[in-house]
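As structure tokens, the structure follows; a few thoughts come after it.
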Amino acid sequence: MHAHQRRHPTGARRRRRARAATRVALLLLLASSLPAQPVPDPGEPTRRQPQPAARAAPAPLQQVLRWIRAGRLDAAETALRARVDQPGASPAAAHLLGVVLLERARFTEAETWLAQAAAARPDRAVWHRRHAQALLELGRCQQAIAALDRALALRDEPAWQRARAACALNVGDFAAAAAGFARVLAALPDDPEALYELAVLRAQDDDEDAARALLSRALDVAPAHVGARYEAGRLALASGAYDAARDAFDRVLARVPGHVGAHYGRVQLMRLAGTDEATRIAAVDAFRAASAQQEQIERMGQALQLAPQNVDLRLRMIDALLTAGDDREARRHLEMARRLAPTR
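Below, the structure written as structure tokens:
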């Protein structure tokens, strides 16, 4: 390249700077001609920020009720928890959640929701009754009586009267219990449980004639009632009617082989009748075995009060009850175990 063709470096830099300044000016001019764009608020989503997914609406209560009736307690509980988490949730959702938890033996949490629902709608008699049921499962009989009184003030149901009388019996208020069972019989004269419980109370008051009359009525309507049959045998033994007592105890043991009271009654009969020693020893051994078995059942029952969701323990309880011959109580625990099984 000739000398006259060389470009002075200082002049080249000036030209590049000039061109850059021109571009900046053009960009500023272009920006000033565009409409102003709002500055996005930091809390607002931008195009680059994903929109939060819309929250699914909770299942309708009618659908939840169908799930409960079908035993789909997992689905029902999930739907109800979604409902009670919403502001201004319906008391009906809280009540149904308590019902589901009651079915699942989660009694403490069930009582909380049922109490909340009953407080929100004090005009619902059934809600007070279910709250009382949760309190009974927790062993809080005095509070259960108060809840049952609220239910009975709204609706006089014999079954609720029976439950209240049983609560009174549990807390040692025998006069209130007797009055309650009498009210049940005024509405349902052939109720075997009320007849039996009132007979026991009359026997405790030494009114054995009244007790026998009530037990006779109970066995007329429910010949397989083990409690009434045993109490009739006990009264027969006390009055010296040994044949009637023996027949009663034998019939009880035919249905419930591990019945401690009936085994003891047979031992007493043998002693009074002068039965041979070998037979009496065998009867005493059977009584002791039944007593040990009953103590085991009672210990498991106490453990289940503390851990009602322990299915393994409940299954062992069922096995012990079946061994003792108490099919009725075994079925009750089996139903509870079924409710505790996972559902979908």
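Everything in the sequence shown is counted per the numbering used here, starting at 705 for the first residue and increasing by one.
For each residue, glycine too, the CB sits at the ideal point set by N, CA and C.
Terminal residues of the alpha helix (DSSP H) in which residue i lies
{"i": "Thr979", "result": "Segment: none, Thr979 is in no alpha helix (DSSP H) and carries neither H nor E."}
{"i": "Gln1013", "result": "Note, Gln1013: premise wrong, no alpha helix (DSSP H); not H, not E."}
{"i": "Ala793", "result": "Element bounds for Ala793: n/a, residue is neither H nor E."}
{"i": "Leu842", "result": "No alpha helix (DSSP H) holds Leu842; DSSP gives it neither H nor E."}
{"i": "His1037", "result": "Asp1031 to Leu1044"}
{"i": "Ala926", "result": "Taken as a continuous stretch (DSSP letters only), Ala926 belongs to no alpha helix (DSSP H), as it is neither H nor E."}
{"i": "Leu873", "result": "Pro862 to Asn874"}
{"i": "Arg808", "result": "Careful: Arg808 lies outside any alpha helix (DSSP H) and carries neither H nor E."}
{"i": "Arg938", "result": "Val930 to Ala942"}
{"i": "Arg776", "result": "Note, Arg776: premise wrong, no alpha helix (DSSP H); not H, not E."}
{"i": "Gly962", "result": "No alpha helix (DSSP H) holds Gly962; DSSP gives it neither H nor E."}
{"i": "Ala903", "result": "Pro896 to Gln908"}
{"i": "Ala945", "result": "Run containing Ala945: none; DSSP gives neither H nor E here."}
{"i": "Ala890", "result": "Phe878 to Ala891"}
Outcome for residue i when other beta-carbon atoms lying within 10 angstroms are tallied against a minimum of 16
{"i": "Gln846", "result": "exposed"}
{"i": "Leu976", "result": "exposed"}
{"i": "Gln837", "result": "buried"}
{"i": "Gly965", "result": "buried"}
{"i": "Pro893", "result": "exposed"}
{"i": "Val804", "result": "buried"}
{"i": "Gly944", "result": "exposed"}
{"i": "Arg859", "result": "exposed"}
{"i": "Val960", "result": "buried"}
{"i": "Ile849", "result": "buried"}
{"i": "Arg1042", "result": "exposed"}
{"i": "Pro654", "result": "Residue 654 lies beyond the range of the chain shown here (705 to 1048); nothing can be said about it."}
{"i": "Val925", "result": "exposed"}
{"i": "Pro826", "result": "exposed"}
{"i": "Ala819", "result": "buried"}
{"i": "Arg1035", "result": "exposed"}
{"i": "Ala870", "result": "buried"}
{"i": "Gly792", "result": "exposed"}
Residues of its chain near residue i, where Cβ-Cβ distance is below 7 Å and the 5 sequence neighbours each way are ignored
{"i": "Arg1033", "result": "The question names Arg, but residue 1033 is Glu in the sequence shown. These residues qualify, in order along the chain: Leu1025."}
{"i": "Arg933", "result": "Leu923, Ala952, Arg955 and Val956"}
{"i": "Ala948", "result": "Ala940"}
{"i": "Ala851", "result": "His832, His835, Ala836 and Leu839"}
{"i": "Ala886", "result": "Leu902"}
{"i": "Leu784", "result": "Val768, Ala797, Leu800, Leu801 and Val804"}
{"i": "Leu1008", "result": "Asn1014, Leu1017, Arg1018 and Met1021"}
{"i": "Tyr968", "result": "Phe991"}
Nonlocal neighbours in the same chain, by C-beta distance under 6 Å from residue i, ignoring five residues either side
{"i": "Arg854", "result": "His832"}
{"i": "His1037", "result": "Arg1018, Met1021 and Ile1022"}
{"i": "Arg888", "result": "The amino acid at residue 888 is misidentified as Arg; the sequence shows Val. Closer than 6 Å at the Cβ level, and outside the excluded window around Val888, lie Pro862, Gln865, Arg866, Asp895 and Ala898."}
{"i": "Gly962", "result": "Ala994, Gln997, Ala1028 and Gly1029"}
{"i": "Ala814", "result": "Gly802, Leu805, Leu806 and Ala838"}
{"i": "Ala786", "result": "Pro762"}
Close beta carbons around residue i, own chain, < 8 Å, minus the five adjacent residues each side
{"i": "Thr812", "result": "Leu842"}
{"i": "Ser736", "result": "Unreliable placement is indicated for Ser736, whose pLDDT of 43 sits below 50; the coordinate value is still reported in the next sentence. So the list is empty, once near-sequence residues are dropped."}
{"i": "Glu781", "result": "Leu801, Val804, Leu805 and Arg808"}
{"i": "Ala942", "result": "Glu912"}
{"i": "Ala928", "result": "Arg959"}
{"i": "Leu919", "result": "Leu899, Tyr900, Ala903, Ala932, Glu935, Ala936 and Leu939"}
Any 3 or more C-beta pairs closer than 8 Å across the stretch 984–1000 and the stretch 1016–1029: Yes, the stretch 984–1000 is in contact with the stretch 1016–1029.
Validate contact between the stretch 1012–1019 and the stretch 977–993 using beta carbons, cut 8 Å, 3 pairs: No: the two stretches stay apart, fewer than three of their Cβ pairs being nearer than 8 Å.
Segment contact, 8 Å Cβ cut-off, at least three pairs: the stretch 961–975 with the stretch 768–783: Contact between the stretch 961–975 and the stretch 768–783 is absent, because fewer than three Cβ pairs lie under 8 Å.
Stretch-stretch touch, CB-based, cutoff 8 Å, three pairs: the stretch 858–876 with the stretch 906–922: Touching, no.
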